[in-house]
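Here's the structure we're looking at; comments come further down.
There are 2 protein chains.
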Amino acid sequence: MPTPISHETSHEAMTRSGIRLTPQRRHVYESLMATPDHPTALEVFMRAKKGMPSISLATVYNCLDALTEGGVIRQVNCERASSRYCPNLVPHGHFFCKECGAVFDIPLKPSLEASWEVPSGTLVSHAELNLRGTCGSCTQRFKTSKL
Amino acid sequence: MPTPISHETSHEAMTRSGIRLTPQRRHVYESLMATPDHPTALEVFMRAKKGMPSISLATVYNCLDALTEGGVIRQVNCERASSRYCPNLVPHGHFFCKECGAVFDIPLKPSLEASWEVPSGTLVSHAELNLRGTCGSCTQRFKTSKL
DNA sequence: ATTTTGTTTTAGAATAATTCTTGATCTCAA
DNA sequence: TTGAGATCAAGAATTATTCTAAAACAAAAT
Ligand SMILES: [Mn+2]
Ligand SMILES: [Mn+2]
Ligand SMILES: [Zn+2]
Ligand SMILES: [Zn+2]
Chain A
0 MPTPISHETS HEAMTRSGIR LTPQRRHVYE SLMATPDHPT ALEVFMRAKK GMPSISLATV
60 YNCLDALTEG GVIRQVNCER ASSRYCPNLV PHGHFFCKEC GAVFDIPLKP SLEASWEVPS
120 GTLVSHAELN LRGTCGSCTQ RFKTSKL
Chain B
0 MPTPISHETS HEAMTRSGIR LTPQRRHVYE SLMATPDHPT ALEVFMRAKK GMPSISLATV
60 YNCLDALTEG GVIRQVNCER ASSRYCPNLV PHGHFFCKEC GAVFDIPLKP SLEASWEVPS
120 GTLVSHAELN LRGTCGSCTQ RFKTSKL
C-alpha cells in the first residue's frame, strides 16, 4: 500500500523548484508518486486520466518536462525505449530486467565517484549508472521451469 | 592520424562474432574504426558513402545493428539523442559535453563493480556509466571569455 | 475589480529517429 | 555450380516526442 501523499509535500516540492504550481502538474506529480515503479509518459497519462479525465497526453509530456527541469523528478532512459520517470531524488542507479521489463532503483555506494577518471579540466555535473540483466523473480522462474 | 585498419583485423573481429561477413558490414565497421569519435548512424552513413556510394541508410542501420548484436561494436545512448556507435570493446564509460556535444571514452577503475548493490538473485549482465558535464576545452574557453 | 501580460493547456499536426516491407541481390554450404 | 536463406536498398510506416496555435488561466498592474 503506497504511502499517502500530502498536498503539503507535493506543493512544497514543486514551489521549492521554482516552477509554477498548476493542478495538472500537481496531479501528474502525484500520479507518479503513487506507485514506486518507473512509468513511461503514456503510463503516467493513463493513470492521471483516472483522477483528471480532461488531461491530455501533451500536457503530461509538458508537466513531466517541467518537473524534470525543476528537479522535482528524474527522467530515466534505457537504450532507445520510451523515457521513464522517477520521483526518487536520492542519487541512485537503475536496474532494467531484460525478461520482464521491471525497473528497480539501485542504491549506490560512495566509492562510485572514485571509480572513473576524467581528463583534467573536465567538469562532471551528472553521473548515471544503468544495469541490465535478469531480476530475482525472473531468475527464479527460469530455475523452476528447468527442473 | 588513425591507426590503419588491416582487413585481417576487421575480418577477424566479425567472423569471431558469428555474424556473416559482407562488404557493407566490413565497410561500415571500417568507417567507424577510422575515427575515434562516436558517430551517429547518419554520420556513419555519410562517411561510408565516400568509399561505397551505393550504400543506403537502411543498410547502415542494419549493419550497425548486426555489429552491435555480434558484439563487434557498442551502441551508446545519451538521453533521447540519436544513438552513437563505438568500436572500443574495452569496458569503459562515456562522457558527454553539454556545450560542444563531444563524446569521450572514460576509463573505469575496478572499484566500479563494487559500488552498487543489487537484490540477491539478480543477475547483472551489463553495466553502463554515462557522465555529463563540460569538457576541458569548453571549460577553458569559458574561462578565457570571462576575463 | 478590471485589464494586461505572460504562462499553461489542449488537440492535432509535424518531426525525427528508427524500423518495417518487399523485391532484388548476394553468400556460402552442399 | 546451385539453391536456400541471408542481406541489401528504397521507400513507406511507425513511434515517441515536440511543435503550433487558439483558448483558458494565473499573477501583476492599473
Ligand atoms: Mn529511480
Ligand atoms: Mn566509447
Ligand atoms: Zn524480471
Ligand atoms: Zn565541450
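Read top to bottom, the protein sequences are chains A and B.
Using numbering that gives the first Met the number 0, read the first sequence as starting at 0 and increasing by one per residue.
Using numbering that gives the first Met the number 0, read the second sequence as starting at 0 and increasing by one per residue.
Just so it is clear, CB atoms sit at the ideal spot from N, CA and C, and this is done for glycine as well.
Query raised in the report: Would you say residue 85 (chain A) touches ligand 1, meaning its beta carbon is less than 8 Å from a heavy atom?
Result: yes
Report task. Can you grab the Cα-Cα spacing for the pair residue 51 (chain B) / residue 55 (chain A), in whole Å? Result -> 47 Å
Query raised in the report: Is there a Cβ from chain B that is less than 9 Å from the Cβ of residue 70 (chain A)?
Result: no
Query - Bridge partner(s) assigned by DSSP for residue 96 (chain B) - result: For residue 96 (chain B), DSSP records a beta bridge to B:132.
Requested in this report: Taking only heavy atoms of ligand 1 into account, decide whether any of them is closer than 8 Å to the Cβ of residue 131 (chain A).
Outcome: no
Query raised in the report: Nearest-angstrom Cα distance between residue 46 (chain B) and residue 83 (chain A)?
Result: 34 Å
Report task. Assuming residue 107 (chain A) contacts residue 114 (chain B) (C-beta within less than 8 Å), just tell me the rounded distance between them. Result -> 6 Å
Query raised in the report: Beta-carbon of residue 33 (chain A) versus every beta-carbon of chain B: anything under 9 Å?
Result: no
Query raised in the report: Relative to ligand 3, is the shortest distance from any of its heavy atoms to the C-beta of residue 136 (chain A) smaller than 8 Å?
Result: Residue 136 (chain A) Cβ: within cutoff of ligand 3.
Query - Rounded Cβ spacing between residue 88 (chain A) and residue 28 (chain A) (contact assumed at less than 8 Å) - result: Actually they do not touch by this definition, with Cβ atoms about 12 Å apart.
Query raised in the report: For residue 102 (chain B) versus residue 123 (chain B), is the C-beta spacing smaller than 9 Å?
Result: For residue 102 (chain B) and residue 123 (chain B), no; Cβs fall outside 9 Å.
Query - Interface partners of residue 134 (chain B) on chain A, CB under 7 Å - result: Residues of chain A passing the Cβ test: 121.
Requested in this report: Would you mind telling me which residues of chain B sit closer than 7 Å to residue 92 (chain A), beta carbon to beta carbon, in chain order?
Outcome: 115
Report task. Go ahead and label residue 141 (chain A) buried or exposed: buried means 16 or more other beta carbons lie within 10 angstroms of its beta carbon, across all protein chains shown. Result -> exposed
**Report entry** Candidates A:30, A:127, A:86 and A:112: closest to residue 77 (chain A) by CA position
**Finding:** A:127
Requested in this report: Using 10 angstroms around the beta-carbon of residue 34 (chain A), count the other beta-carbons present and answer buried if the total reaches 16, otherwise exposed.
Outcome: exposed
Query raised in the report: Quick one: Cα of residue 93 (chain B) to Cα of residue 100 (chain A), how far?
Result: 24 Å
Query raised in the report: Tell me which same chain residues have a C-beta within less than 6 Å of the C-beta of residue 132 (chain A), skipping the five on either side of it?
Result: Same-chain partners within the cutoff: there are none.
Report task. Go to residue 62 (chain A), then tell me how far its alpha helix (DSSP H) extends in each direction, as first and last residue. Result -> 56-68
Query raised in the report: Apart from the five residues on each side of it in sequence, which residues of its chain come closer than 6 Å, Cβ to Cβ, to residue 62 (chain A)?
Result: A distance below 6 Å between beta-carbons, with the five flanking residues on each side excluded, links residue 62 (chain A) to the following residues of its chain, in chain order: 23, 24 and 27.
Query - Which listed residue (A:40, A:68, A:49 and A:110) has its alpha carbon closest to that of residue 57 (chain A) - result: A:40
Report task. Return yes when at least one heavy atom of ligand 3 lies under 8 Å from the C-beta of residue 50 (chain B), else no. Result -> For residue 50 (chain B), the distance from the CB to the nearest heavy atom of ligand 3 is not below 8 Å.
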